[in-house]
Amino acid sequence: MRCAIVGSGLAALAGYATLRRGGLRPEEIAVFGTHEDPLAVWRGRAAAIRQQRMRSESDGHLAAAAFPGLALRETVRRGNVVALAQTAASRYHPRVEDFVAHASRVVERSGWSTSFVSRHVSSVRAVDGGFELDGDGPFAHVLLATGHPGLEHVPGAVHAYEPHGYAPKVAVIGAGMAAATEWLNALAAGSEVVSIRRREPLRRPLNVPRPYFSKRGLASFHRLSDDARTKTLTDLNQPSYPAGRAWDVPLERAVATSQFRVSDSCLTPVGHQVIAATGFKRGWRCDSLLADLVAGHGLKTVDRWIVLAPDSTIPSLTDDKRTLSVAGVAGQWAFPAADTIAGAKYAARAFLRNVCRTR
Amino acid sequence: MSYTLIGRIQTRLLAAAPALAVALGVHRWWAIELVALMVAVGLVLDVLVYHRALPYQPAWLAMPLGALELGLVYLLMHRLGIMVPHLRFAVWLFGLGWLTQQVAVHAVLPRLRLEYGESGGEPGRAGKLVAVAVAVTAVGGLAGARAVEPPTVHIHGTVQGPLVIRHAETLVGGVVRGGIRIRANHVTLRDLTIVGGTYGVDVEHAQHVMLDRVHITRFTLDAVKAMDAGVMVDHCSVSDPASELTTGVLISYSMGRPMSMVDHCTIVGTREGISTHSSMVDVRNNHVVGTTVRGISLAEMSMDHASGNHVENAKGVGILCMDHSMCEIEHNTVTGATPNGDGNPSESGVAIESYFYAEATVKHNTVTSSPGGVRAFDDSTISSG
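Here the protein sequences line up with chains A and B, keeping their order. In terms of our numbering, the first sequence opens at residue 1 and continues consecutively. In terms of our numbering, the second sequence opens at residue 360 and continues consecutively.
Here's what the structure looks like:
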């Protein structure tokens, strides 16, 4: 067994599909996780906020190669070119059901279940020849795809990513994509909605500006000093949701009828159901495996980020013979949009390069 | 996609490979020059405009940017004197280059190189090699084209002919009295006026001959005579013949040569305007006025295509397909064809005629004030396709 993936969510599946595309057999890869279905956790959250469309675009799928994208697949399947026209204008966002169906096919075809080992890994240690995972191994190459370290709960509130309904009066804490989705959900359910937020949300199509998805923006990002990079990441992590009439029209209509209002108070209004659209806990300290890894190997960190090489590897634990990579949200030091599918693939592809280099 | 500058350049070169391969395949210098020009225009725009103005380039921009590049290529093609046989060839080649670029960027490269998008369009080591190979081939081809390009001779004022051309060359400007005889391949006459001579231009046993904006007057037999030749006659003007037995453009016995073309010529007052015999000729967009026997004659087992011509006031016949020829005659306008007065029905002001075992396919022509109409004689046929 040469490679191990720690985690069994979307980032892990993206990594697995990429390794398989790179020529590794299922027997050469072990996937350690708590859910055999890599979509299970994500699907539950998407269902909780009643998400219909992905924020990602046509290439936001989990197969290794970007082409064919979901827009082309939809065009072929449904026999119209609307999806292609939308993707040409960067306005295509796949249906959640299409994304899930495609991801399920990736799971099925990639041999994921052959490699899956149902086990929670709590410790990674560098040893001769690679890494031991809770004493097992060594594995020459390990991809850490542990995902978000948990929901950021607010006392007395139901989290947006947990199953919930809508009371006649709803207060939504947050200003990101999940919050905006909850505003519309609650309005559609006939609720009166108060948006509690500290700042006006940014409006942008993707989590971060588009140049940060390619070398064009990443090259300068990687050249930043630690302080400047920390500031950039903090700025980029501000909550945002896309611009567009689909968001604005219902809100404007609700404002006009006093069904929707904004509050910057820290106090939630009395008599309201409180929904915390506050996302996830942040930083390596909240992830027990990463915290153990940092402590065990004295890894360099800056603020809440583990310092990574531009290829998402941990520099002090990666050399010509072994690789320790970080995918998912914990990989932001290398790729600001690490918690997106594009981010998962970025780490996975770099990981594959390292694996291939040592074959 | 958010391209890096290197990504833009390498992708541009890489995607030009199919168009360059076609250009090399057709064995024409103009094609190689055109592809090199397309690439050069694209690279200049990449470096000076696109990279700065487009930190992110959505896919739909490929259309307007492609149109912009096509316009610039077209302008520069004329400015640099790249002689494309017909504009549609240039547009086709440009379209091929544009299309392959889209296919490469959106399908092939992301499929072959997983990191293509996130690396800002940089195609990787193999892609870089191909890009360099394309650049070297294009530059080499361009250098080759320039190296073997015939010398250009500029004529100032009036020279006394007849001139005899026995080597490839380009003759530009001035006035030649007594005609020009062309006996070599790859000869171009451009912006010339030819006065007098039995033949204005006499081409024999030669091909890749181009007559571009040549004006011919006072000839006694044919303004342009091409025998066993492949010629392109573009934007010529023929007028004021010195006898009554003249033909504007006569192309004969050239079946074994590359197809000839007579395009955008104005021919006035000859006995026949354009005449072909045993040849393959594309006769298009010409204006033939006041001929005394036939406006356009496609004869003797020729295989010709006549389209977009305007034949006016022809005596006898407007457009004639004759003697076992096979002709496609479409989108022409024939007005005012008049009988020649000898009572022969086949010369009685027939606008479009098929004669003596000829097969004419006739579509979308406009015929006015021509009493003979559209007719077939002597076991010939006229069909509408």
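A virtual CB, placed ideally from N, CA and C, is assigned to each residue, including glycine. Quantities reported herein were computed from a predicted structural model and do not represent experimental measurements.
Look at the alpha carbon of residue i and the alpha carbon of residue j, and state the distance between them as a whole number of angstroms.
i: asparagine 411/A; j: valine 208/A; result: Outside the displayed range of chain A (1 to 359) lies residue 411/A, so it cannot be described from this structure.
i: phenylalanine 113/A; j: glycine 174/A; result: Correcting the residue identity first, residue 113/A is serine in this sequence and not phenylalanine. Going from the Cα of serine 113/A to the Cα of glycine 174/A covers about 37 Å.
i: glycine 744/B; j: isoleucine 711/B; result: 15 Å
i: alanine 717/B; j: valine 512/B; result: 43 Å
i: aspartate 292/A; j: serine 122/A; result: 8 Å
i: glycine 732/B; j: alanine 494/B; result: 57 Å
i: threonine 363/B; j: serine 478/B; result: 8 Å
i: methionine 397/B; j: glutamine 416/B; result: 20 Å
i: valine 307/A; j: alanine 276/A; result: 30 Å
i: alanine 463/B; j: alanine 228/A; result: 37 Å
i: alanine 83/A; j: histidine 465/B; result: 15 Å
i: glycine 44/A; j: leucine 218/A; result: 32 Å
i: leucine 383/B; j: asparagine 80/A; result: 38 Å
i: arginine 20/A; j: valine 41/A; result: 23 Å
i: histidine 594/B; j: histidine 567/B; result: 17 Å
i: glutamate 200/A; j: cysteine 3/A; result: 44 Å
i: arginine 91/A; j: tryptophan 247/A; result: 14 Å
i: valine 394/B; j: glutamine 461/B; result: 16 Å
i: glycine 296/A; j: serine 115/A; result: 27 Å
i: phenylalanine 736/B; j: threonine 725/B; result: 20 Å
i: threonine 181/A; j: leucine 402/B; result: 44 Å
i: arginine 549/B; j: tyrosine 475/B; result: 48 Å
i: valine 76/A; j: glutamine 86/A; result: 14 Å
i: glycine 137/A; j: arginine 125/A; result: 10 Å
i: valine 534/B; j: valine 507/B; result: 27 Å
i: aspartate 571/B; j: methionine 591/B; result: 8 Å
i: tyrosine 241/A; j: serine 195/A; result: 14 Å
Start and end of the alpha helix (DSSP H) containing residue i?
i: glutamate 428/B; result: 421-439
i: glycine 271/A; result: First-last for glycine 271/A: undefined, no H or E at that position.
i: valine 288/A; result: It should be pointed out that residue 288/A corresponds to serine in this sequence rather than to valine. Here the alpha helix (DSSP H) through serine 288/A covers 288-297.
i: arginine 105/A; result: 96-110
i: isoleucine 391/B; result: 388-404
i: proline 387/A; result: The structure shown does not extend to residue 387/A, since chain A spans only 1 to 359, so no value can be given for it.
i: methionine 177/A; result: 177-188
i: serine 602/B; result: That residue, serine 602/B, is in no alpha helix (DSSP H); it is neither H nor E in DSSP.
i: serine 16/A; result: The amino acid at residue 16/A is misidentified as serine; the sequence shows tyrosine. First-last of the alpha helix (DSSP H) with tyrosine 16/A: 10-21.
Identify, in the order they occur along the chain, each residue of the same chain with its Cβ nearer than 6 Å to the Cβ of residue i, setting aside the five sequence neighbours on each side.
i: valine 652/B; result: Arg630, Glu631, Gly675
i: alanine 673/B; result: Thr650, Gly654, Ala696
i: valine 443/B; result: Trp389, Ala449
i: glycine 60/A; result: Met54, Ile341
i: aspartate 581/B; result: Tyr558, Thr606, Leu609
At least one CB of chain A closer than 7 Å to the CB of residue i: is that the case?
i: proline 482/B; result: no
i: serine 361/B; result: yes
i: alanine 506/B; result: no
i: tyrosine 415/B; result: yes
i: serine 637/B; result: no
i: glycine 479/B; result: yes
i: alanine 466/B; result: yes
i: alanine 418/B; result: yes
i: glycine 425/B; result: no
Near residue i, what residues of its chain come up, given a Cβ to Cβ distance below 7 Å and the 5 sequence neighbours on each side ignored?
i: glycine 537/B; result: Gln519, Gly520, Pro521, Gly555, Gly556
i: histidine 526/B; result: Ala543
i: phenylalanine 453/B; result: Met397, Leu429, Val432
i: valine 302/A; result: Asp226, Thr230
i: arginine 734/B; result: Val709, Glu712
i: alanine 421/B; result: Gln461
In the DSSP assignment, find the unbroken beta strand (DSSP E) run with residue i in it and report its ends.
i: glutamate 74/A; result: Counting along the chain, glutamate 74/A falls outside any beta strand (DSSP E), though it belongs to the alpha helix (DSSP H) covering 70-78.
i: cysteine 3/A; result: 3-6
i: arginine 261/A; result: 260-263
i: histidine 545/B; result: Histidine 545/B -> no beta strand (DSSP E), and no H or E assigned at all.
Comparing the C-beta of residue i with each C-beta of chain B, is any distance below 7 Å?
i: serine 123/A; result: no
i: alanine 347/A; result: no
i: alanine 88/A; result: yes
i: phenylalanine 67/A; result: yes
Could you tell me whether the Cβ of residue i comes closer than 7 Å to any Cβ of chain D?
i: proline 211/A; result: Included in the structure are the protein chains A and B, with no chain D among them.
Report all residues from its chain with a CB closer than 8 Å to the CB of residue i; omit the five preceding and five following residues, and keep chain order.
i: asparagine 185/A; result: Ile49, Arg50, Tyr166
Give a yes or no on contact between the region 490-501 of chain B and the region 427-447 of chain B, applying the rule of three or more CB pairs nearer than 8 Å. Too few Cβ pairs lie closer than 8 Å, so no.
Using 8 Å as the Cβ pair cut-off and three pairs as the minimum, do the region 656-665 of chain B and the region 674-694 of chain B touch? With three or more CB-CB distances shorter than 8 Å, the region 656-665 of chain B counts as touching the region 674-694 of chain B.
Please determine if the region 500-519 of chain B and the region 542-557 of chain B are in contact, where contact requires at least 3 C-beta pairs separated by less than 8 Å. Contact holds: three or more Cβ-Cβ distances are below 8 Å.
Contact between the region 132-146 of chain A and the region 163-182 of chain A: three or more CB pairs below 8 Å? Short answer: they don't touch.
Contact between the region 96-104 of chain A and the region 278-291 of chain A (3+ Cβ pairs under 8 Å): As far as the Cβ criterion goes, the region 96-104 of chain A does not touch the region 278-291 of chain A, which means the pair count is below three.
Check whether the region 28-42 of chain A and the region 314-325 of chain A are in contact - that is, three or more C-beta pairs closer than 8 Å. They do not touch, by the three-pair rule.
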